[in-house]
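J.:
Number of protein chains: 2
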Amino acid sequence: MMISGNLLIGGSARRGNNGAFFGLDAATGEPLEGSFGGATIADLEDAAALAWQAFGIYRQTSLHLRSRFLSKIADEIAELGEDLISRCMAETGLPRARVESERARTVGQLRLFAAVVRDGSFLEARIDPGQPDRKPSPRPDLRLMKAPLGPVAVFGASNFPLAFSVAGGDTSSALAAGCPVIVKAHSAHPGTSELVGLAVRRAVQACDLPEGVFSLLYDSGNDISQALVAHPKICAVGFTGSRSGGKAFMKIAAARNQPIPVYAEMSSINPVILFPVALARRGAAIGRAFASSLTLGAGQFCTSPGLILAEQGNGLEEFIRGAKDALSGIPAATMLTDRIRKSYGAAVEQRAGRRGVELLAQGLPASGRAAQSVIFSTDARTFLAGVDLHDEIFGAASLVVRCTDQNELEKVVHSLEGQLTIAIHIDPEDHDSARKMLPALEGLAGRILVNGFGTGVEVAHAMVHGGPYPATSDGRSTSVGSLAIERFLRPICYQDTPDDLLPQVLRDRNPESVRRMENGIFV
Amino acid sequence: MMISGNLLIGGSARRGNNGAFFGLDAATGEPLEGSFGGATIADLEDAAALAWQAFGIYRQTSLHLRSRFLSKIADEIAELGEDLISRCMAETGLPRARVESERARTVGQLRLFAAVVRDGSFLEARIDPGQPDRKPSPRPDLRLMKAPLGPVAVFGASNFPLAFSVAGGDTSSALAAGCPVIVKAHSAHPGTSELVGLAVRRAVQACDLPEGVFSLLYDSGNDISQALVAHPKICAVGFTGSRSGGKAFMKIAAARNQPIPVYAEMSSINPVILFPVALARRGAAIGRAFASSLTLGAGQFCTSPGLILAEQGNGLEEFIRGAKDALSGIPAATMLTDRIRKSYGAAVEQRAGRRGVELLAQGLPASGRAAQSVIFSTDARTFLAGVDLHDEIFGAASLVVRCTDQNELEKVVHSLEGQLTIAIHIDPEDHDSARKMLPALEGLAGRILVNGFGTGVEVAHAMVHGGPYPATSDGRSTSVGSLAIERFLRPICYQDTPDDLLPQVLRDRNPESVRRMENGIFV
Chain D
1 MMISGNLLIG
11 GSARRGNNGA
21 FFGLDAATGE
31 PLEGSFGGAT
41 IADLEDAAAL
51 AWQAFGIYRQ
61 TSLHLRSRFL
71 SKIADEIAEL
81 GEDLISRCMA
91 ETGLPRARVE
101 SERARTVGQL
111 RLFAAVVRDG
121 SFLEARIDPG
131 QPDRKPSPRP
141 DLRLMKAPLG
151 PVAVFGASNF
161 PLAFSVAGGD
171 TSSALAAGCP
181 VIVKAHSAHP
191 GTSELVGLAV
201 RRAVQACDLP
211 EGVFSLLYDS
221 GNDISQALVA
231 HPKICAVGFT
241 GSRSGGKAFM
251 KIAAARNQPI
261 PVYAEMSSIN
271 PVILFPVALA
281 RRGAAIGRAF
291 ASSLTLGAGQ
301 FCTSPGLILA
311 EQGNGLEEFI
321 RGAKDALSGI
331 PAATMLTDRI
341 RKSYGAAVEQ
351 RAGRRGVELL
361 AQGLPASGRA
371 AQSVIFSTDA
381 RTFLAGVDLH
391 DEIFGAASLV
401 VRCTDQNELE
411 KVVHSLEGQL
421 TIAIHIDPED
431 HDSARKMLPA
441 LEGLAGRILV
451 NGFGTGVEVA
461 HAMVHGGPYP
471 ATSDGRSTSV
481 GSLAIERFLR
491 PICYQDTPDD
501 LLPQVLRDRN
511 PESVRRMENG
521 IFV
Chain E
1 MMISGNLLIG
11 GSARRGNNGA
21 FFGLDAATGE
31 PLEGSFGGAT
41 IADLEDAAAL
51 AWQAFGIYRQ
61 TSLHLRSRFL
71 SKIADEIAEL
81 GEDLISRCMA
91 ETGLPRARVE
101 SERARTVGQL
111 RLFAAVVRDG
121 SFLEARIDPG
131 QPDRKPSPRP
141 DLRLMKAPLG
151 PVAVFGASNF
161 PLAFSVAGGD
171 TSSALAAGCP
181 VIVKAHSAHP
191 GTSELVGLAV
201 RRAVQACDLP
211 EGVFSLLYDS
221 GNDISQALVA
231 HPKICAVGFT
241 GSRSGGKAFM
251 KIAAARNQPI
261 PVYAEMSSIN
271 PVILFPVALA
281 RRGAAIGRAF
291 ASSLTLGAGQ
301 FCTSPGLILA
311 EQGNGLEEFI
321 RGAKDALSGI
331 PAATMLTDRI
341 RKSYGAAVEQ
351 RAGRRGVELL
361 AQGLPASGRA
371 AQSVIFSTDA
381 RTFLAGVDLH
391 DEIFGAASLV
401 VRCTDQNELE
411 KVVHSLEGQL
421 TIAIHIDPED
431 HDSARKMLPA
441 LEGLAGRILV
451 NGFGTGVEVA
461 HAMVHGGPYP
471 ATSDGRSTSV
481 GSLAIERFLR
491 PICYQDTPDD
501 LLPQVLRDRN
511 PESVRRMENG
521 IFV
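Here the protein sequences line up with chains D and E, keeping their order.
Heads up, the first sequence is in the numbering used here, so the first residue is 1 and it goes up one at a time.
Heads up, the second sequence is in the numbering used here, so the first residue is 1 and it goes up one at a time.
#1: Can you tell me the Cα-Cα spacing of Asp-427 of chain E and Gly-283 of chain E, whole angstroms?
#2: Could you tell me if Ile-521 of chain D is buried or exposed, where buried requires 16 or more neighbouring beta carbons within 10 angstroms of its beta carbon?
#3: Tell me which residue opens and which closes the beta strand (DSSP E) that Leu-7 of chain E is part of.
#4: Answer with yes or no whether the minimum CB distance from Ala-199 of chain D to chain E is below 8 Å.
#5: With a threshold of 8 Å between beta carbons, is His-431 of chain D in contact with chain E?
#6: Name the DSSP bridge partner or partners of Thr-334 of chain D?
#7: Could you tell me whether the Cβ of Leu-94 of chain D comes closer than 8 Å to any Cβ of chain E?
#8: Give the straight-line distance between the Cα atoms of Ile-41 of chain D and Val-213 of chain D, rounded to the nearest whole angstrom.
#9: Would you mind working out which of D:Pro-138, D:Gly-93, D:Ala-114 sits nearest Ser-62 of chain D, comparing C-alpha positions?
#10: Straight-line CA distance for Gly-446 of chain D to Ile-492 of chain E?
#11: Look at Ser-158 of chain E and Leu-336 of chain E and say whether their C-beta atoms are less than 8 Å apart.
#12: Excluding sequence positions up to five away, which residues of its chain have a Cβ less than 7 Å from the Cβ of Glu-392 of chain D?
#13: Give the residues of chain D in contact with Phe-522 of chain E, contact being defined as C-beta atoms less than 8 Å apart.
#14: Where in the stretch 407-479 of chain D do unbroken runs of the beta strand (DSSP E), each at least 3 residues long, occur, reported from the N-terminal end onward?
#15: Got a sec: which bits of the stretch 499-512 of chain D sit with their beta carbon under 8 Å from any beta carbon on chain E, in order along the chain?
#16: Could you tell me whether the Cβ of Met-437 of chain E comes closer than 8 Å to any Cβ of chain D?
#17: Terminal residues of the continuous beta strand (DSSP E) containing Tyr-494 of chain E?
#18: Between Phe-122 of chain D and Gln-362 of chain E, what straight-line distance do the alpha-carbon atoms span, to the nearest angstrom?
#19: Chain E partners of Thr-497 of chain D, CB-CB under 7 Å?
#20: So, are the CB atoms of Asn-18 of chain E and Gly-5 of chain E less than 8 Å apart?
#21: Can you name the residues of chain E whose CB is closer than 7 Å to the CB of Arg-490 of chain D?
#22: Would you mind reading off the limits of the alpha helix (DSSP H) that contains Phe-383 of chain D?
#23: For Leu-399 of chain E versus Ser-377 of chain E, is the C-beta distance shorter than 8 Å?
#24: DSSP three-state label for Gln-258 of chain E, please.
#25: Less than 8 Å between CB atoms is the rule here; does Pro-533 of chain D satisfy it with respect to chain E?
#26: According to a CB-to-CB cut-off of less than 8 Å, which residues of the stretch 46-69 of chain D neighbour chain E?
#27: What do you get for Asp-499 of chain D, buried or exposed, if any count of 16 or more other CB atoms within 10 angstroms of its CB means buried?
#28: Which residues, taken in chain order from the stretch 231-259 of chain E, show a beta carbon closer than 7 Å to some beta carbon of chain D?
#29: Of the choices E:Leu-389, E:Gln-109, E:Ser-67, whose alpha-carbon is the least far from that of Gln-350 of chain E?
#30: Near Ile-252 of chain E, what residues of its chain come up, given a Cβ to Cβ distance below 8 Å and the 5 sequence neighbours on each side ignored?
#31: Output yes or no for whether 8 Å exceeds the beta carbon distance between Leu-531 of chain D and Arg-103 of chain D.
#32: Since Ala-125 of chain D and Val-514 of chain D are thought to touch, with beta carbons under 8 Å apart, how far apart are those beta carbons, to the nearest angstrom?
#33: Quickly, what does DSSP pair Glu-358 of chain E with across the bridge? List them, please.
#34: Looking only at its own chain, which residues have a Cβ that is under 7 Å from the Cβ of Arg-516 of chain D, when we skip the five neighbours before and after it?
#35: Tell me the rounded alpha-carbon separation between Asp-223 of chain D and Ala-380 of chain D.
#36: Considering Cα atoms alone, identify which of E:Val-183, E:Leu-175, E:Arg-87, E:Val-200 is closest to Gly-191 of chain E.
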């Protein structure tokens, strides 16, 4: 397939005239096919106007049609076949198996939302029938359902070129909710973005939906991204990326005439707490599993285990030995972009030279855009005193914090910021102390794992990929799993509204057979 | 009952030493029993520390106990009997029937949340059982439920001394969610607040809950209110009041180290759209009903009909005649505070003198803290050009906008800000044009009413009392009805967690028999 580098403004493709850039070959650093033109404000205005226009129609589509649309996007992405895989591998440096499994996840995610839409429970339809004879005053007929917020701006993520980019979790949940989407592609994989964007557009056309349901923009800098968040026709934002990027968007969104929700998944060090009995019995094995989770995808996961907490002792030394052994055999892996590789290198160098921090273990040496994995250690006192040690290093770097006792470990736990995940490693004899710590962990993270690591986020109904600020901008939400649809909905109540003016879902005969609450009971 | 004027910091009552104020008799302006001492920062710190301490325990209470607690608060408020009614009438100037019905609403609201808690569906429990044999990788066991955010700051509202104050909608939904509450009482009804606060405290004690579950503070200025929103142990805010107050809290909350959600219900003019056939057939009757809704509670409702939109013609003249006739017989009613009365007077005077605005009708003359109701009119062109005409006048003042045709009326609709309610008056022949307008109305308001007015907000499962900014700070929420509990919850996922470490609701045998989604199906 040819890569054009064009913007997709609804149904039309046009060249952006605001600067240009290329997708780069991860192996060679050379430009790949296609020069991508950055969008101008005029392009953004056109996309926003089309999205707004489409919203009036798209929000009223039947659940059946909207579900079919999501499935069709999945089909179209699957149809891209080897073209998508090879372009994505070239741009990101990710190995084939990872890109293929990410495609499977992306397609599966779209199909999951297709099922969620077909089911209709997400609308939370509720009916309190009128009671005209109630004393002292009659009760009106009240019917509630959740409705889409409006056009959503989605920012592609560098580390998930498929699953959190053009047709990833944010886009699929926003489309499922009934919101048109304008995607700002990540500049690290523009060719991948174009291929997927064209697939979405084919699905829009095949389902005879208004063209403005989907647009794809490139930004040669940050101006268009910021203008997109500030645009009056944009009603919500989905973003996965750096803390500084997320915070900038939060600020823009809060300063608008009409503030809008920003769902930014920003940064997390995903603490792993090793309890004494588990550590004593299985220290080395946990260490090996840790090294494997840490280096997965060159550590470029939001859920990468960046912090290990344990009481000092033989168990911890066994853990370190296990991790060290495993790490020493793990090859350096290519990082997503040159910039990410450089940031990683600089952060690792800084930490290596930091007072109170010791180098524990390293992976195999690296060259070019690849990066050497690394484990540091420090003591709890140093960690508690140093806010810089709480910062995420994006990549395969982790920090072991040695605590003198349980009390000190708890102090460290209470010093932590909001996280996406916290893992605990326990044996049955550890359950009592784990139970005492759980309320604190529940306050800190969106997902609590037992005897595992946070990498490998399952797309499921019960998944939470979110967590208290600053892990995300809004700890009330998840960006992965079917509950992600909640982010793009708001409730509307219809009072005493004649049946023929109600949305289908709230009509007496419930033509789409959606689960509804009636008088407080689900029927 | 004696009124002490003391702060309630958990289980202890103490005098606030940061200035003092009195409840004032609405009829005479004289101080009522009790001098209320404003809280100091130290008082706030104590209340916040107790709330935080209580949170660890309260969040883990069984649904049964939490439900019993809410019912007990309802019982204790009912037990206050005539003491509560007479103090509330004296402080607010509201008539007995209104105060009694508001008490009934408040007690009913607490009982509704008791039922919601007992039912447990609000927890949205979800289980995706593990699939250890899945290829290529096993699926972990995932269990999700919603958990409380943490201590909530609630600000009492002037216009609902019971239903949206100390134990009103915000407090009851936050307590139902599992969040301790710190209430800042509204200074317009401090004695009412103390009585209700003591009732809540008795319920805390009777249910053997940690004292920090509830505290009640007074603020002699705004400093403590602002410090409360900024306090690191406060995790969410519930507020009903002015737009300037709500916006100030939004700003403070967004600027915190850890931003928190603010649920502020701020201002709305609740447009009423009169369609041609209904107007032609029933103009006078709709006008009379309008006058009655406008003057209910001296117009001091968030949902008071402040704007009438219609095409000019005989029907509209009939409507105006009906409204004028009705209004001319309606006595002036006492407003909630002297300050509110003065603001109302000033706003009405300003509007009366505004170019392009005409005085249409008035209620009976007023004196003292009472206020004369008033209806103005203007033409659509003036309304479209004047942002000041979109502002709420808190009280029984409304504005009729005469439109030359349907097209101009639609322009006016599209110029509106976010609203709590929009009412349409239609006859069957109007349905087609109403249907065309509905998508715009859905984008503008949280509740759409047909052939009625927004006043008289039903506390029910299907109620939405919310709406796009600036009607509220967060259009994704409602502050009235059982869905209000959603505001104080966040999802947490437990992965591969042993049964004995899971919350009761997620354990295999589901001891509290809560509705759960398993593999995407509700069971």
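Idealized CB from N, CA, C, for every residue including glycine.
T.: Per the coordinate set shown:
#1: Cα-Cα distance, rounded: 11 Å.
#2: Result: exposed.
#3: From DSSP, the beta strand (DSSP E) with Leu-7 of chain E extends over 7-9.
#4: No, no contact with chain E.
#5: Yes, His-431 of chain D counts as interfacial toward chain E.
#6: Paired residues: D:Ala-370.
#7: Interface annotation, Leu-94 of chain D: not in contact with chain E, CB-CB separation never under 8 Å.
#8: Rounded to the nearest angstrom, the two C-alpha atoms are 19 Å apart.
#9: For the set D:Pro-138, D:Gly-93, D:Ala-114, the Cα lying nearest the Cα of Ser-62 of chain D is the one of D:Ala-114.
#10: One C-alpha to the other measures close to 5 Å.
#11: Yes.
#12: Closer than 7 Å at the Cβ level, and outside the excluded window around Glu-392 of chain D, lie Ser-267, Ser-268, Ile-269, Gly-306.
#13: Near Phe-522 of chain E (Cβ distances below 8 Å), the residues of chain D are Ser-121, Arg-515, Phe-522.
#14: Correct list: 419-425, 445-450.
#15: Cβ contacts with chain E: Asp-500, Leu-501.
#16: Taking Cβ atoms only, chain D never reaches closer than 8 Å to Met-437 of chain E, which makes this a no.
#17: Going by DSSP, Tyr-494 of chain E is part of the beta strand (DSSP E) stretching over 489-495.
#18: Approximately 47 Å, taken between the alpha carbons.
#19: Close to Thr-497 of chain D, with beta-carbon spacing below 7 Å, are these residues of chain E in chain order: Ile-448, Val-450.
#20: Asn-18 of chain E is not a Cβ neighbour of Gly-5 of chain E, given a cutoff of 8 Å.
#21: In chain order: Gly-475, Arg-476.
#22: Here the alpha helix (DSSP H) through Phe-383 of chain D covers 380-385.
#23: When the beta-carbon positions are compared, Leu-399 of chain E and Ser-377 of chain E come within less than 8 Å of each other.
#24: Gln-258 of chain E falls in the coil class under three-state DSSP.
#25: Past the boundaries of the shown model lies residue 533 of chain D; chain D is included only from 1 to 523, so the question cannot be answered.
#26: From the stretch 46-69 of chain D, only Gly-56, Arg-59, Gln-60 have a Cβ closer than 8 Å to chain E.
#27: Sixteen is the threshold: since fewer than 16 other Cβ atoms of the shown chains lie within 10 Å of the Cβ of Asp-499 of chain D, the residue is exposed.
#28: Of all residues in the stretch 231-259 of chain E, Ala-254, Gln-258, Pro-259 have a Cβ within less than 7 Å of some Cβ in chain D.
#29: Checking every option, the nearest Cα to that of Gln-350 of chain E belongs to E:Leu-389.
#30: Contacts found: Gln-226, Val-229, Ala-230.
#31: An answer regarding residue 531 of chain D cannot be provided, because it is not within the stretch 1 to 523 covered by chain D.
#32: Between Ala-125 of chain D and Val-514 of chain D, the beta carbon gap of about 6 Å places them in contact (Cβ cut-off 8 Å).
#33: According to DSSP, which records beta bridges pairwise, Glu-358 of chain E is partnered with E:Ser-377.
#34: Within the same chain, Arg-516 of chain D has close Cβ partners Ala-125, Arg-126, Ile-127, Asn-510, Val-523.
#35: Whole-angstrom Cα-Cα distance: 42 Å.
#36: Nearest to Gly-191 of chain E by alpha-carbon distance, out of E:Val-183, E:Leu-175, E:Arg-87, E:Val-200, is E:Arg-87.
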